[in-house]
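Structure record follows, encoded as structure tokens.
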Amino acid sequence: MADSKSVLFKIRRQGSPHTSPHWEEFSLAWHPGMNVISSLMEIARNPVTRDGKPTTPITYDANCLEEVCGSCAMLINGTARMACSALIDKLEQPVRLEPLSKFPIVRDLAVDRSVLFENLKRAKAWVPIDGTYDLGSGPRMTMEEQEAAYPLSRCISCCCCMEVCPQFNEDTGFVGAATISQVRLFNTHPTGSALKRERLAALMGDGGIQECGYAQNCVEICPKDIPLTRSISEVGGAVMKQAIGDLFRK
Ligand code: SF4
Ligand code: SF4
Ligand code: FES
46 MADSKSVLFK IRRQGSPHTS PHWEEFSLAW HPGMNVISSL MEIARNPVTR DGKPTTPITY
106 DANCLEEVCG SCAMLINGTA RMACSALIDK LEQPVRLEPL SKFPIVRDLA VDRSVLFENL
166 KRAKAWVPID GTYDLGSGPR MTMEEQEAAY PLSRCISCCC CMEVCPQFNE DTGFVGAATI
226 SQVRLFNTHP TGSALKRERL AALMGDGGIQ ECGYAQNCVE ICPKDIPLTR SISEVGGAVM
286 KQAIGDLFRK
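FYI, our numbering numbers position 209 of the sequence shown as 254, with every residue one higher than the one before it.
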């Protein structure tokens, strides 16, 4: 009988950034439509391991439960993806859950992804409408411009593209594909383009766009199908043009 099936989980636990990780196994009764987050909620209601040992609920991040907020990214069977859209029926068992590996651990499956927000600040990834100068009524965007911008605006800051990028590490300080794509988005916005030069300048030098090895792991993993390699090519071309122009202006 289908309802008597069970689902086995193997979850990497770590109490704090300073303690050693260990694994715990959990077994839940199968029911239709289970996903990773609903399973973690179920474990939290009765935190007992597979061999009957009481333990603590698993710590993880989640909010929207519909692949919009980007907070529930983790490694599921070794792949960076969103836990709220990972259906148990489509996963091999035991379902192995681990935190993203390139970000500081907070606890269990929760990691600190503030590096992305620092990178977005570095690249001024916003439209400057702070009211300190007159922007007028603002230019209109054509349908074509809106259609080109929309896919880029779908980024949910999940950091999966950075997790899988071979160049995103402490040695390079590379900003990663998400930030580069946001530079493209805001530079093509008619009001946002006021900061275009500063954004491109932020992507020059160490940790900038030249660190990208064009391995394309990012575009393959992105849960929102953002055309990241196209963004990298376009922004890379613009950075190069500006750098050469600046040389001649000196
Ligand atoms: S193309 Fe490759 S190196 Fe460049 S950002 Fe994407 S994964 Fe990283
Ligand atoms: S570009 Fe894609 S993979 Fe990267 S943070 Fe945004 S949504 Fe996530
Ligand atoms: S909980 Fe928001 S994307 Fe998964």
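No residue lacks a Cβ here, since even glycine has one placed at the ideal position from N, Cα and C.
Note that the coordinates shown come from a computational prediction; the quantities given were computed from them, not determined experimentally.
Query	Result
Quick one: is the Cβ of Thr274 within less than 8 Å of any heavy atom of ligand 1?	yes
Quick one: is the Cβ of Lys147 within less than 8 Å of any heavy atom of ligand 4?	No copy of ligand 4 appears in this structure; the ligands present are ligand 1, ligand 2 and ligand 3.
Leaving out five residues before and five after Gly282 in sequence, what residues of the same chain have Cβ atoms less than 6 Å from its Cβ?	none
Return yes when the C-beta of Phe352 is under 8 Å from any heavy atom of ligand 1, and no when it is not.	Residue 352 lies beyond the residue range present for the chain, which begins at 46 and ends at 295; the question has no answer from this structure.
So is Asp26 buried or exposed if we call it buried at 16+ other beta carbons inside 10 Å?	With the chain running from 46 to 295 in the structure shown, residue 26 is simply not present.
Just to confirm, are Leu248 and Val228 a CB contact at a threshold of 9 Å?	yes
Assign Pro77 to one of three DSSP states: helix, strand, or coil.	coil
Where does Pro66 land, buried or exposed, given buried means 16+ other C-beta within 10 angstroms?	exposed
Going by the CB atoms, is the gap between Asp153 and Arg90 shorter than 9 Å?	no
For Ile121 versus Ala131, is the C-beta spacing smaller than 9 Å?	yes
Whole angstroms are fine: how far does the CA of His63 sit from the CA of Thr116?	First, the residue type needs correcting, since residue 116 is Ser and not Thr in the sequence shown. Rounded to the nearest angstrom, the two C-alpha atoms are 23 Å apart.
Check whether the Cβ atoms of Phe162 and Ser202 sit closer than 9 Å, and answer yes or no.	yes
Just verifying my parser: in three-state terms, what is the DSSP assignment at Leu132?	strand
In this structure, how does DSSP classify Lys55 when only helix, strand and coil are distinguished?	strand
Buried or exposed: Ala188, going by 16 or more other Cβ atoms within 10 Å of its Cβ?	Here residue 188 is Met; the residue named in the question, Ala, does not match the sequence. Its Cβ having fewer than 16 others within 10 Å, Met188 is exposed.
Are Ile277 and Cys257 closer than 9 Å when you measure CB to CB?	yes
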